[in-house]
Ligand code: ITT
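Numbering (the working numbering), first residue to last: 14 to 205.
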């Protein structure tokens, strides 16, 4: 059987790689670059759900494809859920992931409660229907960065029941327990 072609409305190659690994060979994932959408899609909503819907609706309306998009936030308990929807730009516009992690470690300095969760929201638009899907991975923020795998905040996130960061655990373990893995498995169910 030919693979089921899916458009993933993302510019982030790390997300696309993880989702393709989780979906396996029965699915072929096309990204925004593959469909010729090179522009930045506005993410101006105040929630992960809102931003995921903005991206998926943009692609459906402008390019006509059934598609899915996702927005992910890191929610830290002692910071009342911050950085949350602002995870990508926590240290400010034009700052990078290293700056974001540094600021988060600084803001948690001296606090005992380091509980956090990654939350992924997938917005699926297929067959004229919009569906929102969620995946959560609980854990805590490490005292310092460690590990080289993964991307984003992976060097400072230790998932529950593990002693190492996602960046130390590597793709295979991350993809079996992560927020994105849980949401992607639910996405597969929704596509059946
Ligand atoms: P899109 O094109 O899909 O919007 P993006 O990189 O802008 O890609 P988001 O808006 O969802 O993605 O930003 C999420 C932020 O959270 C960003 O700083 C990522 O580095 C970080 N992030 C997302 N998933 C992560 C993961 O699995 N591990 C570590 N950090 C992650």
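Glycine included, C-beta positions come from ideal geometry on N, C-alpha and C.
Out of the options, point me to the one whose CA is closest to residue i's CA.
i	options	result
residue 122	96, 156, 135, 147	156
residue 115	72, 159, 175	159
residue 42	51, 19, 138	19
residue 131	125, 96, 119	96
residue 14	30, 192, 23, 40	40
residue 101	57, 187, 69	57
residue 45	35, 63, 59, 73	73
residue 137	17, 36, 65, 150	65
residue 142	94, 35, 33, 69	69
residue 199	144, 63, 51	144
residue 172	127, 107, 203	127
residue 22	62, 79, 37	79
residue 51	31, 24, 117, 77	24
residue 76	49, 93, 38, 152	49
residue 17	29, 28, 36	36
Is residue i near the ligand ITT, in the sense that its beta carbon is under 8 angstroms from a heavy atom of that ligand?
i	result
residue 49	no
residue 163	yes
residue 170	yes
residue 101	yes
residue 85	yes
residue 23	yes
residue 120	no
residue 192	yes
residue 287	Outside the shown range of the chain (14 to 205) lies residue 287, about which nothing can therefore be said.
residue 167	yes
residue 212	Outside the displayed span of the chain (14 to 205) sits residue 212, for which this structure offers no information.
Spatial neighbours of residue i within its chain, please: C-beta separation below 8 angstroms, excluding the five flanking residues on both sides.
i	result
residue 196	83, 133, 134, 135, 146, 147, 148
Which partner residues of residue i appear in the DSSP bridge assignment?
i	result
residue 195	Paired residue(s): none; residue 195 is not in a bridge.
residue 73	Paired residues: none, contrary to the question.
residue 31	None; residue 31 has no bridge partner.
residue 17	40
residue 86	132
residue 80	20, 138
residue 144	137
residue 150	131
residue 96	88
Using a beta-carbon distance below 9 angstroms, is residue i in contact with chain B?
i	result
residue 198	Absent here is chain B; the protein component of the structure consists of one chain.
Enumerate in chain order the residues of its own chain whose CB-to-CB distance from residue i is below 7 angstroms, with the five nearest sequence positions on each side excluded.
i	result
residue 168	114, 158, 159, 160, 178, 180
residue 187	163, 179
residue 154	89, 117, 121, 127, 129, 169, 170
Looking only at its own chain, which residues have a Cβ that is under 6 angstroms from the Cβ of residue i, when we skip the five neighbours before and after it?
i	result
residue 183	162
For this session: Go through the region 152-184 residue by residue and report every complete run of the alpha helix (DSSP H) that reaches 4 residues or more, in order.
Result: Entirely contained in the region 152-184, the alpha helix (DSSP H) runs reaching 4 residues are, in chain order, 179-182.
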